[in-house]
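Below: one structure, written as structure tokens.
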Amino acid sequence: MDKEKYMALLDKGYEDMPETTRSTERWEIPKADIEYEGKTTVIKNWKYIMDELNRDEKRLFKKMCKELGVAGDIKSSSGRAILKSIVKRHSLNNFIKKYCQDYVICPTCSKPDTIITKDGRNHVLVCQACGTRRIIKL
């Protein structure tokens, strides 16, 4: 088989593959799965998002409510979060993306393997992959 024919078959194979199979990253920012119940917004996969981000649930929820300008509750038993207003899906996903960029993803190696520790009065984002330490404001 000549090289041109091989490359054509390879390109066709990549076109036929679903997008999720082609992803080269091992971690992706989670997307909110929401539904509306009257005038409330329910984040159905709240527990999944918390597990992926590995952050304090109450602190993240408080920050989200403050930034989006809504009130809400966490239903730990069902793994859902309820916002007492209608919030657009893209607004929630933009918040999660910005939160991940600021408080989850390492600024040096771009990996999500980070933890937040307290060093005196400061909160520090510590990367477990490369060892970078960065002071953050929570």
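Counting in this note's numbering, the sequence shown runs from 3 upward without gaps.
In this text, a Cβ means the ideal position worked out from N, Cα and C, and glycines have one as well.
Between the alpha carbons of residue i and residue j, how many angstroms are there, rounded?
i: C129; j: I45; result: 28 angstroms
i: D18; j: L11; result: 11 angstroms
i: C132; j: T110; result: 8 angstroms
i: L140; j: M9; result: 50 angstroms
i: I36; j: L94; result: 9 angstroms
i: R135; j: D4; result: 51 angstroms
i: K66; j: V89; result: With the sequence shown as reference, residue 66 is identified as Met, and Lys is not the correct amino acid for it. The alpha-carbon atoms of M66 and V89 are separated by roughly 11 angstroms.
What would DSSP say about residue i, mapped onto helix, strand or coil?
i: I117; result: strand
i: K139; result: coil
i: K41; result: coil
i: G74; result: strand
i: C67; result: helix
i: I36; result: strand
i: E30; result: coil
i: K60; result: helix
Less than 9 angstroms separating the beta-carbons of residue i and residue j?
i: L127; j: Y101; result: no
i: S87; j: K41; result: yes
i: I51; j: I98; result: yes
i: W29; j: P114; result: yes
i: V72; j: L62; result: no
**Study point:** Inside the region 82-134 only - beta strand (DSSP E) runs reaching at least 3 residues
**Key:** List check, beta strand (DSSP E) in window: 82-85, 116-121 and 124-129.
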